[in-house]
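Just so you know, the sequences run in chain order A and B.
Counting from 1 along the first sequence, just add 4 to a position and that's the residue number in this note's numbering.
Counting from 1 along the second sequence, just add 2 to a position and that's the residue number in this note's numbering.
All C-beta atoms, glycine included, are put in the ideal place defined by N, C-alpha and C.
Comments concern the structure below.
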Amino acid sequence: MLNLTAVDWLILLLSLAFAVGIGMALKEGIRTGKDFFEAGRALPAWVCGLAFAGAGMGALEVIGMGAAGARYSLAAAHICSLAAIPAMLFVGIFMMPLYYGSKARSVPEFLRLRFDQKTRVLNACLFAAMMVFSCGISMVLMARVMQQLHLFARLFFALGWAPQGSFVFFMGLTAAVVLAYVLLGGLTGAIYNQVLQFFLLLAGFLPMVLLGLRNAGGWSGLKASLPAAGLGGWSGMSTAGANPAGMEIAGLGMGLAFVLGAAFWCTDFRVIQRALAAKNLDSARRVPLIAAIAAIFLPFLLVLPGVLAVGLPTPHTTTVESTIGGAILHTTTVVRPEVEAGRGLVPAKVDAATGKPLLTASGQSVLDYDMATPNMLLHFLPTGLLGLGLTALLACLMSGMAASLTAFNTVFTCDLYQPHLSKGASDAQTLAAGRWATVGGVLLSIGVAFAAVHFNSILDAFELVFALTMAPLLAIVLLGMFWKRATGHGAFAGLLAGIAGALLHHGLTLPMGAHPGLHGGWLATMHIYPSDMAQNFWTALLALAASLLVTVLVSLATAPRPEAELAGLVYSLTPRPRTRLVWWKRPEALAVAILLAAIALNLFLA
Amino acid sequence: MNFDVRIPVGWMFTLTGLLLSFLGWSTQNNAALYAKCQGIDSNLWWGLALLAFGLAMMLYGKRAQQGIGNREQGTGKRHAARK
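See the structure below:
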């Protein structure tokens, strides 16, 4: 149970006040659409770099990585850095000159410049929908965690309000704060806050991980306590089922590292937008590299809490018998059944109907892995630091929400409103539209959040929506940037084929133990995967392959664009970025250094 | 002109550091409170670390801000001279 003191609340409130205060201080500087949507393209590389990393450290990722650590052990950390770092280096070295140099304000706008309007509109609509989805789902996830921790229970009790209201109160509070600083400060407000939130995440999580490691007997103690299969991430991964992650090696290497990681870091406008705010091309290229430095260490900071949480002894109801002055005393410590049925600090899920721990068909309890990281905070942090730890959780939620929200308002305004809804709108009108789009985005995501509370399956559907949107986009962006023959018709057909392929695969396969429906198999069940993770990888991989194939075929059948029009949009037709920096200060040198450091660290910790 | 982001970050961590280290200092004999972190007065030590980080951020931020201010003033003077 959560017992917060005044200091905890003070730290929490201080961070919210700073979030809104940053927005208010920036308000003066936001005069044009360029200030609002692109942060004036005036920010230093390290600020954008931390925001770039922060956009990938939202609530879903932070809670999810702790859960993955509890479920798949340390392998999850290796997989996360494996997926992120090569993609981040690639986007910085090869793709950023085209994104930044084309002066596009968004990824769909880049598609318009490289391909055509219909490809842009299709992608913009899908992407905007995905942003609203992700924003709403992050809110629900975090509100659930906070509700299970009874964060506002005492406050609500003191005020005499119904405890159920704390869920709505939490969502309303975070939505209002994020809305305030994005409306006031635009993209700059979001980025400045992400820098603050990045440091808050470190400050809140680091003491918990250090104390947890010390308790486990240091790194060697932790490794000794892990089951052998969980170590290293590579042993036993060649056959499905032998590894705790339940994936084939092809599914792991190709599907995860290449498709999902690359799709997120190379083409997701939530992260690309941070790099486009940099002050010049050299800075923009350095943004993903600086984020990659953070990404070497962050997976361990975020995955370790989960690994440590399952390693701790599970609390049980105990009775201690003691004799004081001839009288026999029984001291009973009562532990709730769902905690007792859990593993370590990870509790079992509770059946909402019966109030008892949920069991699978084989009689094992279903664990609520999402609670691993929050429970670790409660277990190791004393009052004071606990407030900081909860602030860190809140900070990562707001960081992810602001990333989705700024991406949404830019894509809506620049790619749907300006070219279609209001042609020839003035800059002031565009700015106003951007602000209204922000309000609309928040309202829509609150709507999604409430829908997700009532229909649990919306949460499960998000992985599918992500694969549907991002894998085909990765295919056409890569072909567009590195193959000059790719055409607009080809890209449009490729996007459609990727979506169709992903839906078909999802409709025909099912993860083990799931019922046909939103988890897949709604057409027929032709193949059963060992886990939903494996199914998602193959869905994404198939969408990518279908998209690549159809784009190539249709492009070859349609007329190419003249090469003169493609300068600055295709890598081979773009002059190498000119720089006056000495060789060791260039982005390429930094990229090689990061790659070596990442390999060394992963081998060292294997 | 925007302000340097290190200034609000510095303020946030200076205040948090002060709060935590004060709390840690005033509860340093409270063994029950620190039983969950193996007897370490983690509020005090982490509070001091955050305080140092916050002050450093603020110092660098202020210095960078002054650098920008001086440069802007300099160009302003040059513009005025040309006129």
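Same chain, Cβ closer than 8 Å to residue i, five either side skipped, listed in chain order
{"i": "A:LEU599", "result": "ILE89, PRO90 and LEU93"}
{"i": "A:GLY236", "result": "Per-residue confidence for A:GLY236 stands at a pLDDT of 41, beneath the threshold of 50, marking its modelled position as unreliable; the derived number appears in the next sentence. So the qualifying residues of the chain are LEU78, ALA79, HIS82 and ALA610."}
{"i": "A:LEU230", "result": "SER77, LEU78, VAL311 and GLY315"}
{"i": "A:GLN151", "result": "SER170, PHE171 and PHE174"}
{"i": "A:MET530", "result": "LEU512 and THR513"}
Cut-off 6 Å between Cβ atoms - residues of its own chain near residue i, not counting five sequence neighbours on either side
{"i": "A:GLY265", "result": "ALA87, ALA88 and ALA91"}
{"i": "A:SER2", "result": "Residue 2 of chain A is absent from the structure shown; chain A starts at 5 and stops at 610."}
{"i": "A:LEU30", "result": "GLY189, THR192 and GLY193"}
{"i": "A:MET5", "result": "Unreliable positioning characterises A:MET5 in this predicted model, as indicated by a pLDDT of 46, which lies under 50. The coordinate reading is nonetheless provided below. Excluding sequence neighbours, A:MET5 sits near nothing in its chain."}
{"i": "A:TRP238", "result": "Caution is warranted here: a pLDDT of 39 is assigned to A:TRP238, below 50, making its placement in the model unreliable, and no coordinate value can be reported."}
{"i": "A:GLN198", "result": "ALA55, GLY58 and SER403"}
{"i": "A:ILE34", "result": "PHE40 and GLY190"}
{"i": "A:LYS353", "result": "LEU362, VAL370 and ASP372"}
{"i": "A:GLN277", "result": "ALA411"}
Contact under 8 Å by Cβ, residue i with residue j
{"i": "A:PHE273", "j": "A:SER403", "result": "no"}
{"i": "A:ASP286", "j": "A:LEU585", "result": "yes"}
{"i": "A:THR578", "j": "A:LEU401", "result": "no"}
{"i": "A:ILE67", "j": "A:VAL149", "result": "yes"}
{"i": "A:GLY438", "j": "A:THR417", "result": "yes"}
{"i": "A:THR271", "j": "A:VAL481", "result": "yes"}
{"i": "A:ALA528", "j": "A:LEU512", "result": "yes"}
{"i": "A:THR335", "j": "A:THR323", "result": "yes"}
{"i": "A:LEU611", "j": "A:LEU206", "result": "Here chain A has residues from 5 to 610 only, and residue 611 of chain A is not among them."}
{"i": "A:GLY96", "j": "A:ARG290", "result": "yes"}
{"i": "B:GLN30", "j": "B:LEU46", "result": "yes"}
{"i": "A:LEU349", "j": "A:LEU210", "result": "no"}
{"i": "A:PHE119", "j": "A:GLY492", "result": "yes"}
{"i": "A:ALA475", "j": "A:ALA506", "result": "yes"}
{"i": "A:LEU117", "j": "A:THR387", "result": "no"}
{"i": "A:LEU594", "j": "A:LEU280", "result": "no"}
{"i": "B:MET59", "j": "B:PHE15", "result": "yes"}
{"i": "B:GLY49", "j": "B:LEU22", "result": "yes"}
{"i": "A:ALA49", "j": "A:ALA228", "result": "no"}
Beta-carbon proximity list for residue i, same chain, < 7 Å, skipping 5 on both sides
{"i": "A:MET258", "result": "For A:MET258, the pLDDT reaches just 43, beneath the cut-off of 50, and the residue's location in the model is therefore unreliable, although a value from the coordinates is still provided. LEU545, listed in sequence order."}
{"i": "A:GLN201", "result": "GLY58, ALA399, CYS400, MET402 and SER403"}
{"i": "A:TRP526", "result": "GLY511 and PRO520"}
{"i": "A:THR395", "result": "ILE15, LEU16, SER19, LEU204 and GLY208"}
{"i": "A:PHE131", "result": "PRO112, PHE273, VAL415 and THR473"}
{"i": "A:LEU605", "result": "ILE300"}
{"i": "A:ASN413", "result": "GLY438, ALA441, THR442 and GLY445"}
{"i": "A:SER85", "result": "ALA299, ILE300, PRO303, ALA602 and ASN606"}
For residue i, the nearest candidate out of the options (CA to CA)
{"i": "A:PHE268", "options": "A:LEU605, A:GLY37, A:PHE496 and A:PHE56", "result": "A:PHE56"}
{"i": "A:MET405", "options": "A:LEU191, A:PRO317 and A:LEU468", "result": "A:LEU191"}
{"i": "A:ASP372", "options": "A:THR358, A:THR387 and A:PRO351", "result": "A:PRO351"}
{"i": "B:THR18", "options": "A:LEU389, A:VAL443 and A:GLU325", "result": "A:LEU389"}
{"i": "A:ALA108", "options": "A:GLU42, A:GLN151, A:GLY393 and A:ASP374", "result": "A:GLU42"}
{"i": "A:LEU214", "options": "B:ASN31, B:LYS38, B:GLN30 and B:TRP13", "result": "B:LYS38"}
{"i": "B:GLY56", "options": "B:ASP6, B:ALA66, B:GLY12 and B:VAL7", "result": "B:GLY12"}
{"i": "A:LEU385", "options": "B:ILE42, B:GLN67 and B:LEU20", "result": "B:ILE42"}
{"i": "A:ALA184", "options": "A:LEU573, A:GLY330, A:LEU560 and A:TRP440", "result": "A:TRP440"}
{"i": "A:VAL469", "options": "A:MET69, A:HIS458 and A:ILE503", "result": "A:ILE503"}
{"i": "A:PHE608", "options": "A:ALA288, A:GLN277, A:ILE332 and A:TRP223", "result": "A:TRP223"}
{"i": "A:ARG45", "options": "A:TRP13, A:HIS424 and A:GLY105", "result": "A:GLY105"}
{"i": "A:LYS38", "options": "A:VAL354, A:THR410 and A:ARG124", "result": "A:THR410"}
{"i": "A:VAL181", "options": "A:ALA21, A:PHE98 and A:LYS122", "result": "A:ALA21"}
{"i": "A:VAL558", "options": "A:THR327, A:GLY498 and A:VAL574", "result": "A:GLY498"}
{"i": "A:PRO581", "options": "A:ASP12, A:ARG35, A:MET99 and A:LEU382", "result": "A:MET99"}
{"i": "A:VAL136", "options": "A:GLY164, A:ILE603, A:LEU448 and A:MET375", "result": "A:LEU448"}
{"i": "A:LYS488", "options": "A:THR562, A:TYR421, A:GLY176 and A:ASN379", "result": "A:THR562"}
{"i": "A:VAL574", "options": "A:GLY484, A:TRP165, A:VAL343 and A:ALA501", "result": "A:GLY484"}
{"i": "A:PRO341", "options": "A:LYS360, A:GLY329, A:ARG347 and A:ASP355", "result": "A:LYS360"}
Contact belief for residue i with residue j at Cβ below 8 Å, rounded distance in angstroms
{"i": "A:PRO309", "j": "A:GLY73", "result": "7 Å"}
{"i": "A:GLY393", "j": "A:MET212", "result": "6 Å"}
{"i": "A:ALA295", "j": "A:GLY53", "result": "5 Å"}
{"i": "A:ALA611", "j": "A:ALA313", "result": "Residue 611 of chain A lies beyond the range of chain A shown here (5 to 610); nothing can be said about it."}
Residue i CB to nearest heavy atom of the ligand SAH below 7 Å
{"i": "A:LEU226", "result": "For the ligand SAH, the structure offers nothing, since it holds no ligand at all."}
Cutoff 8 Å: residue i Cβ touching any chain D Cβ
{"i": "A:VAL574", "result": "Although the question refers to chain D, the structure presented lacks it and instead comprises the protein chains A and B."}
Worksheet item: Can you list the beta strand (DSSP E) stretches of 3 or more residues lying completely in the region 497-525 of chain A, in chain order?
Response: 513-515
Discussion item. What ranges does the alpha helix (DSSP H) occupy inside the region 96-170 of chain A, keeping only unbroken runs of at least 4 residues that lie completely in it?
Written reply: 100-105, 111-118, 121-152 and 157-163
Discussion item. So within the region 251-332 of chain A, which uninterrupted alpha helix (DSSP H) runs reach at least 4 residues, ignoring any that extend past its ends?
Written reply: 273-280 and 285-315
Worksheet item: Hey, which unbroken runs of the alpha helix (DSSP H) at 4 residues or more fall wholly within the region 174-231 of chain A?
Response: 222-229
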